[in-house]
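Read left to right, the sequence shown gives residues 6 to 265 (our numbering).
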Amino acid sequence: MRRKFIVGNWKMFKAPRDAAEDYRAFAEESKTLQDKLDLGIAASYTSLPALTDRLQNGVRVYAQNVHWEKEGAFTGEVSVPMLNALRVQGSLVGHSERRQYFGETNVSCGKRVAALLHSNLDAVFCVGETLAEREAGRLQDVLRSQLLEAFAAGDIRHGTYVIGSDPSRPKLTIAYEPVWAIGTGKAATATEAQEAHAFVRSVLCEHFGKEIAGQMRILYGGSVKPNNITSFTKCADIDGALVGGASLKPAEFAELCRNV
Ligand code: PGA
Numbered sequence: 006m007r008r009k010f011i012v013g014n015w016k017m018f019k020a021p022r023d024a025a026e027d028y029r030a031f032a033e034e035s036k037t038l039q040d041k042l043d044l045g046i047a048a049s050y051t052s053l054p055a056l057t058d059r060l061q062n063g064v065r066v067y068a069q070n071v072h073w074e075k076e077g078a079f080t081g082e083v084s085v086p087m088l089n090a091l092r093v094q095g096s097l098v099g100h101s102e103r104r105q106y107f108g109e110t111n112v113s114c115g116k117r118v119a120a121l122l123h124s125n126l127d128a129v130f131c132v133g134e135t136l137a138e139r140e141a142g143r144l145q146d147v148l149r150s151q152l153l154e155a156f157a158a159g160d161i162r163h164g165t166y167v168i169g170s171d172p173s174r175p176k177l178t179i180a181y182e183p184v185w186a187i188g189t190g191k192a193a194t195a196t197e198a199q200e201a202h203a204f205v206r207s208v209l210c211e212h213f214g215k216e217i218a219g220q221m222r223i224l225y226g227g228s229v230k231p232n233n234i235t236s237f238t239k240c241a242d243i244d245g246a247l248v249g250g251a252s253l254k255p256a257e258f259a260e261l262c263r264n265v
């Protein structure tokens, strides 16, 4: 049985003071859920110390990106040891906004995921098709290459570090986020999402084997709200959600989590 996992993606919102206050408020509102669900917030780098200072309350803290080298001449980047020093749980990788605006590729994503897993941090690796790709019938091709090219680039092959020491909380999570559903208010239907998730799981199965693929969590993302979360989380292959807009207000985000 895979534990449900809900991650809020705060994108480039909230300076440290607001982030810390909203993190505290969300942790308080979601207190009774924390033994049933895994919860996390992905915040901007500048807010991470303020959040991890308050970490004891069970809501995990994630970065939104990370570089694969430990250190070096990479202006503007942040490394895995830097995140580790802040006691961050892990990072998102390959969000479509990173791919679209900052030139992230399947290869660079794979290296970022590998660097996290090697240091025993969590990776929430995002994949998803554009509307043009879906309409051209390329959904499966796109998802397959996003996954397999990244795994090849990062040499990510072994179940042991994909799952880690606690099989109920695998280190690698996939987030399926159709680009056309992100921030548009037009979520995929539960049927569309389940079909894509089942396909993603079949690729994971092909690559890591049935047992590992069966343990890995696949989150849906794209216009998830308190009133549609249940339609997704009741699907067989949907193990939670990556939530943008609806994670920004602590009370709304806690309501969404309660509805899972
Ligand atoms: P959204 O964003 O929930 O606002 O659509 C999701 C995401 O970007 O992860």
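The beta carbon of each residue, even a glycine, is placed where N, CA and C say it ideally should be.
What number of angstroms, rounded off, separates the C-alpha of A241 from the C-alpha of G77?
-> 43 Å
Exposure of Q199, with buried meaning 16 or more beta-carbon neighbours within 10 Å | buried
C-beta contact flag for H123 and Y166 at 9 Å = Going by beta carbons, H123 and Y166 fall inside the 9 Å limit.
Can you give the Cα-Cα distance for K191 and V184, rounded to whole angstroms?
-> 10 Å
CB I187 to CB G227, shorter than 9 Å?
-> Yes, these two residues count as a Cβ contact at 9 Å.
Between which two residues does the alpha helix (DSSP H) carrying C262 extend?
-> 255 to 263
Where does T80 sit, in a helix, a strand or coil, going by DSSP?
-> Coil, per DSSP.
Considering only C-alpha positions, which residue in the set G63, Y225, K36, I179 is nearest to E3?
-> The chain is shown only over 6 to 265; residue 3 falls outside these bounds and no answer can be derived.
Can you tell which of A48, V71, H72 has the C-alpha that lies nearest to the C-alpha of V64?
-> A48
What residue ranges within the segment 41 to 68 form continuous beta strand (DSSP E) runs of no fewer than 3 residues, ordered along the chain?
-> Those beta strand (DSSP E) runs which fall completely within the segment 41 to 68 and span 3+ residues are 43 to 47, 65 to 68.
Is the beta carbon of S236 within less than 8 Å of some heavy atom of ligand 1?
-> No, Cβ of S236 sits at least 8 Å from all heavy atoms of ligand 1.
Around the C-beta of P86, are 16 or more other C-beta atoms found within 10 angstroms, so that it is buried, or is it exposed?
-> exposed
Note down the Cα distance separating F10 from P255, rounded to an integer number of angstroms.
-> 17 Å
Short check: CB of R117 to CB of G133, under 9 Å?
-> no
Using three-state DSSP, classify R222 as helix, strand or coil.
-> strand
Can you have a look at V112 and say buried or exposed, based on whether 16 or more other CB atoms are within 10 angstroms of its CB?
-> exposed
Hey, quick one: how far does the beta strand (DSSP E) through F130 stretch, first residue to last?
-> 127 to 132
Nearest residue (CA-CA) to V248, options K75, I46, E154, H72 | I46
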